[in-house]
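J.: Take a look at this one; I'll ask things after.
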Amino acid sequence: MKKLKEDQKNNSENEVVEIVLYGDKNRKKKYECVGVLLEENSKKIKIGFNAIKGIVEDYLDIDKENIITITKINTQDIKVFE
Numbered sequence: 000m001k002k003l004k005e006d007q008k009n010n011s012e013n014e015v016v017e018i019v020l021y022g023d024k025n026r027k028k029k030y031e032c033v034g035v036l037l038e039e040n041s042k043k044i045k046i047g048f049n050a051i052k053g054i055v056e057d058y059l060d061i062d063k064e065n066i067i068t069i070t071k072i073n074t075q076d077i078k079v080f081e
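Shown next, in the form of structure tokens:
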């Protein structure tokens, strides 16, 4: 898997991603989530979900071996519901 953060070296905007991942050791349950890519190394990624005044309150550390797909989301496609 290519490191997603490599594309972000000169970009201050957050990378929003949609992830489909296995949620159990037997790889039978699948989950989907959307969040902000906070950190990435060769084995794991950290995805943030909620922030208050720029401080991330909730996040997941996900082993890359459990990721089925990861897709970048164009932030201009995100709509605010009122």
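For the sequence shown, position 27 (counting from the first letter as 1) is numbered 26 according to numbering that gives the first Met the number 0, and the numbering increases by one without interruption. Ideal Cβ placement from N, Cα and C applies to all residues, glycine included.
(1) Need the endpoints of the beta strand (DSSP E) that Val79 sits in, please.
(2) Measure the alpha-carbon distance for Leu59 versus Ile67 and round it to whole angstroms.
(3) Quick one: give me the first and last residue of the beta strand (DSSP E) that Lys43 is part of.
(4) Of all the options Ile61, Val33, Leu36 and Lys28, which has the alpha carbon lying nearest to the alpha carbon of Lys43?
(5) For Lys24, name the three-state secondary structure that DSSP assigns.
T.: The short version:
(1) Counting from one through the sequence shown, the residue named residue 79 turns up at place 80. Element bounds for Val79: n/a, residue is neither H nor E.
(2) On the sequence shown, position 60 is the one that residue 59 refers to. On the sequence shown, position 68 is the one that residue 67 refers to. Rounded to the nearest angstrom, the two C-alpha atoms are 16 Å apart.
(3) Taking the sequence shown and counting its residues from 1, the one referred to as residue 43 is at position 44. It spans Lys43 to Ile51 - the beta strand (DSSP E) in which Lys43 sits, taken as one unbroken run.
(4) Position 44 of the sequence shown, counted from the start, is the residue given in the question as residue 43. Of Ile61, Val33, Leu36 and Lys28, the residue nearest in Cα terms is Ile61.
(5) Locating residue 24 in the sequence shown gives position 25, counting from the first residue. Of the three classes helix, strand and coil, the one that applies to Lys24 here is coil, per DSSP.
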